[in-house]
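Encoded as structure tokens, the structure appears first; notes follow it.
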Amino acid sequence: MRVVVQRVRHASVTIDGTLKSKISNGLLILLGVGLDDTKEDADWLIKKCINLRVFDDSNGVMNCSVLDVNGEIMVVSQFTLMASYKKGNRPSYIHAAPPDHSVPLYEYFCEKISDELGKKVATGEFGADMKVELLNDGPVTICMDTKNKE
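Residue numbering for the sequence shown follows my numbering, beginning at 24 and increasing consecutively.
What follows is the structure in structure tokens.
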């Protein structure tokens with residue numbers, strides 16, 4: 024399982040010209056699910072994301088989590104994070120999990136991170152052609168992969 028976590032001032036998802044969801048100050052999490060990913064992978068990433076100290080404290084030092092600043096979270100499914108690009112120039116997505124595996128894990132991730140945050144998280148729509156807009160704050164962008172926990 025892979026994520027790209029961005030600290031944002033605001034973010035939104037629009038589908039077919041209609042606003043699906045939006046957040047203000049918080050984290051935008053792009054989530055890719057691989058073939059062998061499990062709920063344990065999701066749990067590890069949730070703990071990392073929710074406790075990631077990327078928000079400024081009173082001294083201007085990144086020392087606070089999204090919980091500490093009462094921020095919001097948006098989670099958007101992104102199978103392209105699982106791209107293999109080692110051979111040729113056209114990415115292969117053979118490592119991305121099919122919907123029957125990835126949709127339940129995406130929903131589990133969203134539900135559990137919402138529980139940890141103590142409020143509903145904003146989402147995209149799995150499989151939809153989404154337009155994601157964001158104002159990256161910093162910029163702060165962090166990539167994590169459950170296959171690289173060490």
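All C-beta atoms in this analysis are idealised placements derived from N, C-alpha and C, irrespective of residue type, glycine included.
- Task: Select from 152, 168 and 162 the residue whose C-alpha is nearest the C-alpha of residue 42.
- Result: 152
- Task: Using 10 angstroms around the beta-carbon of residue 166, count the other beta-carbons present and answer buried if the total reaches 16, otherwise exposed.
- Result: exposed
- Task: Return helix, strand or coil for residue 119, following the three-state DSSP convention.
- Result: strand
- If you draw a straight line from the alpha carbon of residue 120 to that of residue 48, how long is it in whole angstroms? 31 Å
- Which residues mark the beginning and the end of the beta strand (DSSP E) in which residue 154 is found? 153 to 168
- Closest by CA to residue 94, which one among 24, 46 and 155? 46
- Can the beta-carbon of residue 102 be found less than 8 Å from the beta-carbon of residue 126? no
- Message: Just verifying my parser: in three-state terms, what is the DSSP assignment at residue 144?
- Response: coil
- Item | Three-state secondary structure (DSSP) of residue 26 | strand
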